[in-house]
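So the protein lines, in turn, are chains A and B. To convert, take the position in the first sequence, counting from 1, and add 114; that gives the working numbering. To convert, take the position in the second sequence, counting from 1, and add 114; that gives the working numbering.
2 protein chains.
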Amino acid sequence: MAANSQFSMAVHVLAMLAKSGEERIKSESVAGSVNTNAVVIRRLLGQLNQANLVISQTGSSGGTRLARCPKEITLAEIYKAVSCGEVFALHGKSPNQDCPVGKNIEAVLCNLQKEIDKTVGEKLSQYTLQSVLEVIEQGRV
Amino acid sequence: MAANSQFSMAVHVLAMLAKSGEERIKSESVAGSVNTNAVVIRRLLGQLNQANLVISQTGSSGGTRLARCPKEITLAEIYKAVSCGEVFALHGKSPNQDCPVGKNIEAVLCNLQKEIDKTVGEKLSQYTLQSVLEVIEQGRV
DNA sequence: ACATCTGTAACTAAACTTGTTACAGTTATG
DNA sequence: CATAACTGTAACAAGTTTAGTTACAGATGT
């Protein structure tokens, strides 16, 4: 279980909130659908809250709802809110700077990394939470 | 050190092999440039070998060289050869099938995953090992 | 025969994600 | 105002992954 599934979980959670409209949903309910612990959900909601995607209320009859209309939330925003960010990682240790390849490879890979991340972001921004919800409610993909 | 940097390492390694042309390179030499252990390099070369990107020779004066011309090796092939594959992971546990969202979200995310992976592959196939080598040798990015 | 490589198994250490318990702080309600 | 019902968050355990290491079998040139 070491693969990062936060984006998947985030889309799931936000789809539920989108479906519920103005109504506030409890972390326990969401956890039931995602099939995990409520604290895991609250941790995730914390990140989504920081990204201004949801609004939570504490106290009795508290819960969480979307901060914006599902039509205005793109998957790119969700990805950005929860991801560690990079499709692939650069070297852990720095390459040997005395080697002509080692000396320049980092800059090349860093630029490539940015470009790939940008490409992923652009693709994800083609989808909104609304579009995801529509597919889910139609039951066909 | 848990972020997957195999793609970065693979590009580095293959760039070195590309620069050396027909000459066979020892894993020890490559390890010196990447700044890691020779066994790590040999493990990586094993994957690149399975993908028909390199050819290794055992025994004294053995080593590894590219299996093809750098112009014919795209970064997409390299990515495919070493990556675990996915930009984001699906849920670890299955969502609650009794929930209308939980029931359908997996299929939606799975399709999305495939599409993102395809997008990354297409972007990476725009670059060849040759093009990477040219940037490295010019020293500017 | 021997030195020099690759290939690979086995083990360790570090990092990360998830799950879980525990508890402080907030809010609605009788 | 007391209590029940929430969220927010810290702290810790467990499982997984990656990288680094050591060790050694097998291949090959001299």
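All residues carry an ideal CB built from backbone N, CA and C; glycine is no exception.
Cβ-based neighbour list, residue i, same chain, cut-off 8 Å, excluding 5 preceding and 5 following
i       : result
Q227(A) : E200, V201, F202 and L204
G176(A) : R138, K140 and S170
S147(B) : H126 and M130
E186(A) : T242
S197(B) : N118, Q120 and F121
Cβ neighbours of residue i in the same chain (closer than 7 Å, five flanking residues each side left out)
i       : result
L131(B) : I139, V168, T178, R179 and L180
A152(A) : S141, E142 and A145
E191(A) : A165 and L167
P184(B) : A132, T242, L243, Q244 and L247
For residue j and residue i, believed in contact at Cβ under 8 Å, the rounded distance
i       : j       : result
A195(B) : A124(B) : 7 Å
Cα-Cα separation between residue i and residue j, rounded to whole angstroms
i       : j       : result
D235(A) : L189(A) : Looking at the sequence shown, residue 235(A) is not Asp but Gly. Each residue's alpha carbon lies about 8 Å from the other.
G135(B) : C213(B) : 58 Å
L223(B) : L238(B) : 22 Å
T150(B) : P209(A) : 8 Å
A163(B) : T233(B) : What sits at residue 163(B) in the sequence shown is Asn, not Ala. Distance between the alpha carbons of N163(B) and T233(B): 25 Å.
Q211(A) : S119(B) : 18 Å
L158(A) : T172(B) : 50 Å
V154(B) : G206(B) : 29 Å
E229(B) : S174(A) : 42 Å
N225(B) : R182(A) : 25 Å
Chain-order list of residues whose beta-carbon lies under 6 Å from that of residue i (same chain, five-residue window excluded)
i       : result
R156(A) : S141
Y241(B) : L189
Y193(B) : F121 and L238
Q161(A) : A195 and V196
**Asked** If contact means a Cβ-Cβ distance below 8 Å, which residues of the stretch 142-156 of chain A contact chain B?
**Response** G146, S147, V148, N149 and T150
**Request:** Identify each residue in the stretch 205-216 of chain A for which the Cβ-Cβ distance to at least one residue of chain B is less than 8 Å, and report them in chain order.
**Result:** H205, G206, K207, S208, P209, N210, C213, P214, V215 and G216
**Request:** Please determine if the stretch 213-229 of chain A and the stretch 232-251 of chain B are in contact, where contact requires at least 3 C-beta pairs separated by less than 8 Å.
**Result:** yes
**Asked** In the stretch 175-187 of chain A, which residues sit with their C-beta less than 8 Å from some C-beta in chain B, listed in chain order?
**Response** none
**Item:** Selection of the stretch 123-137 of chain B by Cβ proximity to chain A, strictly under 7 Å
**Value:** M123, V125, H126, A129, M130 and K133
**Prompt:** For the stretch 235-254 of chain A, which residues have a beta carbon sitting closer than 8 Å to at least one beta carbon of chain B?
**Reply:** K237, L238, Y241, V246, V249, I250, E251 and G253
**chain A contacts made by the stretch 189-204 of chain B, where a contact means CB separation under 9 Å** = L189, Y193, S197, C198, E200, V201, F202, A203 and L204
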